[in-house]
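Residue numbers (our numbering): 77 to 337.
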């Protein structure tokens, strides 16, 4: 879906995890609105392919590969974002993993997989906001949290995942307070079930659509979300139209937090 907001001309937005899912949908909207985008992915090949696809209509897109679970790679990503993309005015933290598992079955490796990403997002955000402060940019950061950090769901036990996402929500509010004097706004979205590749990590490819369809009725609106359902809200939070909005954790969940069927 093409963007309806036209406030990104001449602006650069960094999207961590921008090669697929919600992050890619945000990238598409920013490019359509005339902006320049930096998308990061786990591999350079994946980032390059996403950049090529997104720029096919004439937009300017850079691809950067970095595994957020690798601390050396995070250090390298921070250097690239500072040295080559220090002019960015927006940051979207959309990278993540999700694999429901009962609390008593979690291993230390499971736990580390979630929290290693938070380490990466923390220090990438630090590097990018330092760039904004150094250049005097009135910038914006938008984090992708989760409805599961607001409400437990018995059908999808997600203790370690939700603990990590709750940390993202807390970081959002703390940064909104700490960075306000520098003119940087910080917000987050908390999606429910959205059709993204994240489910392929634990559901066979041929069964993903059917498995997700079972959750349509879970949402009061009557369907699961699509990436653009969330991307349009992120676009708003990035834009000048949200100039008086900061510290918000916005449920974008088909009505789930209001009540479930």
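Where a beta carbon is used, it is the ideal one built from N, C-alpha and C, also for glycine.
Note: residue 91 is bridge-paired with 115 and 168 in the DSSP secondary-structure output. For residue 327, the uninterrupted beta strand (DSSP E) segment begins and ends at 325–328. For residue 221, the number of other beta carbons within 10 angstroms of its own is at least 16, and it is reported as buried. Beta-bridge annotation (DSSP): residue 86 is not paired with any residue. Residues of the same chain with a CB within less than 6 Å of the CB of residue 187, apart from the 5 flanking positions on each side, are 236 in chain order. When Cβ pairs closer than 8 Å are counted between the two stretches, the segment 256–264 is seen not to touch the segment 291–300, the count staying below three.
The alpha-carbon separation between residue 324 and residue 283 amounts to approximately 35 Å. In this structure, residue 164 lies near residue 90, with their beta-carbon atoms less than 8 Å apart. Contact between residue 326 and residue 309 is confirmed by a C-beta separation of about 6 Å, below the 8 Å threshold. Around the CB of residue 208, 16 or more other CB atoms lie within 10 Å, so the residue is classed as buried. Ranked by how close their Cα comes to the Cα of residue 128, the residues 100, 152 and 146 have 100 in first place. Membership of residue 261 in the beta strand (DSSP E) is indicated by the continuous run 261–267.
Straight-line spacing of the CA atoms in residue 307 and residue 181 works out to 33 Å. A distance below 6 Å between beta-carbons, with the five flanking residues on each side excluded, links residue 269 to the following residues of its chain, in chain order: 291 and 300. Cβ neighbours of residue 238 within its own chain (closer than 6 Å, five residues either side excluded): 224 and 225. Collapsing the DSSP output to three states places residue 234 in a strand.
Exclusion of the five residues before and after residue 272 leaves 96, 97, 98 and 303 as the residues of its chain whose Cβ lies within less than 8 Å of its Cβ. Pairing residue 199 with residue 154 gives a Cβ-Cβ distance under 8 Å.
By the C-beta density criterion, residue 105 is buried, having at least 16 other C-beta atoms within 10 angstroms. Apart from the 5 residues on each side of it in sequence, residue 234 sits with its Cβ closer than 6 Å to the Cβ of 176 and 224 in its chain, given in chain order.
The segment 182–240 contains, as complete alpha helix (DSSP H) runs of 4+ residues, the segments 184–211 (chain order). By the neighbour-count criterion, in which a residue is buried when 16 or more other Cβ atoms sit within 10 angstroms of its Cβ, residue 138 is buried. The three-state secondary structure of residue 321, taken from DSSP, is coil. Counting only the Cα atoms, residue 331 lies some 42 Å from residue 159. Within the model, the alpha-carbon separation for residue 288 versus residue 93 is close to 22 Å.
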